[in-house]
Structure formats: C-alpha cells, structure tokens
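**Q** For the sequence shown, the residue numbers in mature numbering (1 follows the signal peptide of the UniProt record, and there is no 0) are -19 to -1, 1 to 231.
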Amino acid sequence: MRLVAFLCLLAIATPHAQAQQKLYLSTLDWPPYTSQTLQDGGYASAVVRAAFAAVDIDIEVRYYPWARALSLAQQGKVDGLFPEYFAPEQRPDFLFSDPFPGGPAGLLKLRERHLSTQREESGLPPLSELRGLKIGLVRGYLNHPGLDSAPGLHREFARDDQQNLSKLLAGRVDLIFMDYLVAEFLIGRYFPEHRDEIDLLSPPLLQPTLHLALPRKRADAESTLKAFNRGLQIIRDNGELQRLRQHHGL
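#1: As an exercise, report each continuous alpha helix (DSSP H) stretch of at least 4 residues that is fully enclosed by the region 118 to 182, in chain order.
#2: Cβ of S7 within 8 Å of Cβ of V59?
#3: Are the CB atoms of A202 and L62 within a distance shorter than 8 Å?
#4: Could you please give the first and the last residue of the uninterrupted alpha helix (DSSP H) stretch that includes H33?
#5: Let me check understanding here. Comparing Cα to Cα, which of A32, G87, I216, P69 lies closest to L182?
#6: Given a cut-off of 8 Å, decide if H192 and S78 are closer than it, judged by their beta-carbon atoms.
#7: To which residues of the same chain is Y161 closer than 7 Å at the C-beta, ignoring the five residues directly before and after it?
#8: Between which two residues does the alpha helix (DSSP H) harbouring R211 extend?
#9: Quick one, are the C-beta atoms of L108 and A131 less than 8 Å apart?
#10: State yes or no: is the C-beta of S13 within less than 8 Å of the C-beta of G23?
#11: Consult DSSP for Q(-2) and reduce its assignment to one of helix, strand or coil.
#12: Report the residue from Q55, L89, S204, P64 whose alpha carbon sits nearest the alpha carbon of P73.
#13: Using the rule of at least 16 other Cβ atoms within 10 Å of the residue's Cβ for burial, across every protein chain shown, is N145 buried or exposed?
#14: Let's test the definition: count the other Cβ atoms within 10 Å of the Cβ of A151 and tell me whether it reaches 16, buried, or not, exposed.
#15: Looking only at DSSP bridge pairs, what is R43 linked to?
#16: Compare the Cα-Cα distances from Y44 to each of L53, G220, Y66, D37 and report the closest residue.
#17: State yes or no: is the C-beta of G133 within less than 8 Å of the C-beta of R112?
#18: Spatial neighbours of H175 within its chain, please: CB distance less than 6 Å, with the 5 preceding and 5 following residues excluded, ordered by chain position.
#19: Name the residue from R30, L76, P64, A25 whose alpha carbon lies nearest to the alpha carbon of R199.
#20: What are the residues that DSSP puts in a beta bridge with T15?
#21: Taking buried to mean at least 16 other C-beta atoms within 10 Å of its own C-beta, is L(-10) buried or exposed?
#22: With 16 other CB atoms within 10 Å as the buried threshold, where does D155 fall?
#23: Do L9 and A68 count as a contact pair if the criterion is CB distance below 8 Å?
#24: Look up A86 in the DSSP assignment and say whether it is helix, strand or coil.
#25: What residue does the beta strand (DSSP E) around H192 start on, and which one ends it?
#26: Under a three-way DSSP split, which group does E65 fall into?
#27: In or out: S97 buried (at least 16 other Cβ within 10 Å) or exposed?
Quick look at the structure:
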C-alpha cells in the first residue's frame, strides 16, 4: 500500500519537475544586451528568459569574459550561451536558434584619424589601407568576416569592448570593431568626456541578428533549441518581444 501511494505521488510530481526544467547559460557583460548591472540582465537576457519561460523552462545566467563563456559552452560545462551572431561555418560545434533583433555593428576610429571613404564590396575600407593599421578586436568574438579572415591584417585582441575603447583612445589601435549600441552605452558610461573624439563610421558594416547557441555535443540540444524557438515565436506573436525592445531602448 505504501508503494502504491509513493508511485502515485511520483506520478503527480514528475510533470511538475519537467515543467521546472532549469538550464545554465553563459554570457558576457555586453550592455545594453547583457549585464549584471542592468534591469532584467539587459535586453538579450530578458528575451532569452522570456522565451524559455513561455515553454516552462527556467534559466540561470552566468557572466564571464566572452572567450571563457564560449569555452565553457564548447566543453559542455554550461547548457549554452548567448547572444551570438549566426555563423555556423565559424562555429560548427554549435546549433543556432531562430533570430531576434540586434543592433548595427561597424568600425570606430578617432575623429582626428583620416580614413579613406572608399569601400570594398564587403563594406570595408580598401584592404591595402587596412593592412597599414592596427585593428582592435575582442578575443573570441565573431566580427565582420573580412576582418576575421583577410590575410595580412594587424589584429590586436582585447579582453572586452571597454578595453578596446581604452586602447583606441590611447592610440594603441587605429580602428576597433564593435556593436554601435554597445559603443554608445560604454562611451556614455565610462568615457563621456571623449564622446566627441570618437567616430562611429557610417554606414555600419553589419546589421546582425542575435541567437542562442547550444553545443551540439549535448544530447538534448536539438529538443532544447526547438523549445526555445517555440517560446521565441510565442513572445513575438504576443508582443512581448517588441515590448522588451522598447523597454530596453532598442
């Protein structure tokens, strides 16, 4: 009789336990998209959390430098990471979610530095000119494909975007690649006195979408990704995604 009662309790508890599935995701400090200091953890954190909540999955977000966040996901020590650009060729060991909106990204320079207004088909300045410059990138980031793969470029790697801005202002690099919303946020918070010294080159090189990325090695990666995509569609259809964009200033 006790066994029957126990099995009944287990049957009742099991659906609830499944509904309360919890995932551990890694990200970086990348305001206004992700940050421990922002309401809801920033726009991208709020979107990912809302999409999973719509399908009864809880998440815990852990913050690291991006190279570390990426490494932990690749090793399967966390269930996934975000926000990532869609680049399956560069990240073959990850599955990518459906997209949600991001912001423009491109090159920043000091206003005093002259740069040719000519552009290649890729949108980049001529490679002959870029090869004579130091280009600041963040370790582990996906950037413009030309900046990542073009031969002969002098690439300088930083820990994060804030460090790259510091290097630009100190003259240690000539150009940096950055999301423009991140650039505006960081300049306003940490370098307001230098706002007029920095140019965000127009037009931007990219208008990338953002994605959740799950390591293929995880047995439940495909089912988790399908659940997330289903939740993302729910919050897109009910207006929550647009509300989050407006609430976080995107």
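All C-beta atoms in this analysis are idealised placements derived from N, C-alpha and C, irrespective of residue type, glycine included.
**A** Here's the rundown:
#1: 126 to 130, 142 to 150, 161 to 171
#2: Cβ distance < 8 Å, so S7 and V59 count as in contact.
#3: no
#4: Here the sequence assigns Phe to residue 33, which means His is not the residue at that position. Run containing F33: 24 to 34, per the alpha helix (DSSP H) assignment.
#5: When each option's Cα is compared against that of L182, the closest is G87.
#6: yes
#7: G84, P85, A86, G87, L181, P185
#8: Residues 202 to 218.
#9: yes
#10: Ser is not the amino acid found at residue 13; the sequence shown has Pro there. Yes. Within cutoff.
#11: Because the pLDDT at Q(-2) is just 47, under 50, the model does not fix this residue reliably, and the value given afterwards should be weighed accordingly. Three-state result, Q(-2): helix.
#12: Q55
#13: By the 10 Å Cβ count, N145 comes out buried.
#14: The residue is exposed, with fewer than 16 neighbouring Cβ atoms inside 10 Å.
#15: S7
#16: L53
#17: yes
#18: L150
#19: It is L76 whose Cα lies nearest to the Cα of R199.
#20: Secondary-structure assignment with DSSP links T15 through a beta bridge to W11.
#21: Low per-residue confidence applies at L(-10): pLDDT is 47, beneath 50, and the placement is therefore not dependable enough to give any value.
#22: buried
#23: no
#24: strand
#25: For H192, the uninterrupted beta strand (DSSP E) segment begins and ends at 192 to 196.
#26: Strand, per DSSP.
#27: With fewer than 16 other beta carbons inside 10 angstroms of its own, S97 counts as exposed.
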